[in-house]
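Sequential numbering of the sequence shown, starting at 1, is according to UniProt numbering. Glycine is no exception: its CB is placed at the ideal position from the N, C-alpha and C atoms.
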Amino acid sequence: MRRVIVLGSTGSIGTQALDVIRRNPDLFEVAGLTAGSRATQLAEQAAEFGVAHTALGASDAAELVREVDADVVLNGITGSVGLGPTLAALESGRTLALANKESLIVGGPLVKRLAAPGQIVPVDSEHSAIAQALRSGSAEEVRRLVVTASGGPFRGRRRSELVDVTPEQALAHPTWDMGRVVTTNSATLVNKGLEVIEAHLLFDVPLDRIDVAVHPQSIVHSMVEFIDGSTIAQASPPDMRLPIALGMAWPHRVAGVGAPLDWATASSWTFEPLDDEAFPAVALAKRVGAAGRTFPAVFNAANEQAVDAFHDGRLSFPSIVETIERVVDRHEAPSELTLDTLAEAEAWARRTADQLIGA
């Protein structure tokens, strides 16, 4: 029996995690719940699972993690506000099932400095797939990582065809049902850029040995290529409950959590190269990841401002990544990464993005 604290329990990851726990009461028990703002839904969840410890907001979530007895902390918070709870989970020595990629990307060295070997278990489907495939060989035998991308709703479009994209179109993801920011990030492929940085930090593979392949069916969630020419892929129908369950039970699998592929039915899986001209976010993210320090935090903060402006009708779809790049190009990173310099860089990035958007 593993006691689990679910951070962001009213969001997409959190509600699916609770569904896994609901179906497997012999494996998991809810020790604590936190949400950003949906107090009524949080209270309903607490009543259903008999949870006495709840919190609203990221700062209270971090405090709850420090105080509540648990085996696993599932961080399903969206955005860099998840960094505090991530650090609290690592400091407490608990296993961190990490769906909040921004905290690792933004916190980088701060997070890795606290994490014990194997303490962070990835929940993103791509990184869960890589973690599973890496069990097929040693670190020295890995040639490269291949992160797959659905291509989003605008796969195949040229850059000139993206100018008039509407927020409604950007939110019509062909595979996944996610929140506004993550879904928009998937459309711009900013999300894939963040995932490349995350893979670099999680698995200590250089950025130039991490590729992105477009796979519209979203069946192969990522792959690991080994030095003997073998490629190990993890494949399953697109259902986040599988990586969520694996994150909470790692390294064990939870029976029946997802439906297997139907090998008796004919199907085709396709793979395409990424169009870096139409979708330059991944190349920019690699540059940001290589620069390190506060650059990933600036990238992420500028994106959040640009996404909001796009949905408010103040920015075109291609201008989201253009704005991020302009902010990154203006950034002068401090020599040392601390929580204070990180907060200052994020605040600067948001101000600068807003100024560029308003100009």
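Query	Result
What's the gap between the Cα of R326 and the Cα of L261?	44 angstroms
For V214, write down the residues that DSSP places opposite it in a beta bridge.	A149 and E272
For A55, which residues from the same chain have a beta carbon less than 6 angstroms from its beta carbon, with the 5 sequence-adjacent residues on both sides left out?	T34, A61 and L64
Find out if the Cβ-Cβ distance for the pair G76, G32 is shorter than 8 angstroms.	no
Go ahead and pull the three-state DSSP assignment for T338.	coil
Per the DSSP calculation, P169 is bridged to which residue(s)?	Note that residue 169 is Gln in the sequence shown, not Pro. According to DSSP, Q169 bridges with nothing at all.
Could you check the C-alpha separation between R49 and T10 for me, to the nearest Å?	Checking the sequence shown, residue 49 turns out to be Phe, not Arg. Their backbone Cα atoms lie some 14 angstroms apart in a straight line.
Taking the DSSP output, what are the residues bridged to R3?	E29
Restricting to Cα atoms, I'd like to know which of A88, S222, H311 and P318 is closest to S160.	P318
Which parts of the region 96 to 125 are runs of the alpha helix (DSSP H), unbroken and 4 residues or longer, counting only runs that do not cross its ends?	101 to 114
With C-beta atoms as the reference, is V257 less than 8 angstroms away from L274?	no
By a C-beta neighbour count over all protein chains shown, 10 Å radius and 16 as the cutoff for buried, is M240 buried or exposed?	buried
I'd like to know whether the C-beta atoms of G247 and L74 end up nearer to each other than 8 angstroms.	yes
DSSP has Q234 in a bridge; who is on the other side?	S222
Helix, strand or coil for V254 per DSSP?	coil
Could you tell me how far apart the beta carbons of K192 and V224 are, in whole angstroms, since I believe they sit closer than 8 angstroms?	K192 to V224, Cβ: 17 angstroms. No contact.
What does a CB cutoff of less than 8 angstroms around F226 pick up in its chain, not counting 5 residues either side in sequence?	S136, G137, E141, V142, R143 and I232
Count the other CB atoms within 10 Å of the CB of R113; is the residue buried (16 or more) or exposed (fewer)?	exposed
Relative to the C-alpha of Q45, which residue among K101, I5 and T338 is closest?	I5
What residues match up with V73 in a beta bridge as DSSP calls it?	I5 and L96
What runs of the beta strand (DSSP E), each 3 residues or longer, lie entirely inside the region 35 to 91?	54 to 56 and 72 to 75
Checking 8 angstroms against the spacing of the C-beta atoms, do V111 and L90 come in under that value?	yes
Just the C-alpha distance for residue 401 and A47, rounded to the nearest angstrom, thanks.	Only positions 1 to 359 of the chain appear in the structure, and residue 401 is not among them; the question remains open.
Would DSSP call R209 helix, strand or coil?	helix
Got a sec, what are the start and stop residues for the alpha helix (DSSP H) A278 sits in?	From DSSP, A278 is part of no alpha helix (DSSP H); its letter is neither H nor E.
Quick one: Cα of R170 to Cα of R22, how far?	According to the sequence provided, residue 170 is Ala. The question's Arg does not apply to it. Distance between the alpha carbons of A170 and R22: 33 angstroms.
Is the beta carbon of A99 sitting closer than 8 angstroms to the one on V121?	no
Pairs of beta-carbons, one from the region 287 to 305 and one from the region 328 to 343, closer than 8 angstroms: are there three or more?	yes
Output the boundary residues of the alpha helix (DSSP H) element that contains A199.	V190 to F203
Look at the Cβ atom of F299, then the Cβ atom of T184, and state whether they are nearer than 8 angstroms.	no
Would you give the residue range spanned by the alpha helix (DSSP H) that L18 belongs to?	S12 to R23
Leaving out the 5 sequence neighbours to the left and right, which residues in its chain are closer than 6 angstroms to D308 when beta-carbon positions are compared?	none
Rounding to the nearest angstrom, what Cα-Cα distance links A245 and Q132 in this structure?	13 angstroms
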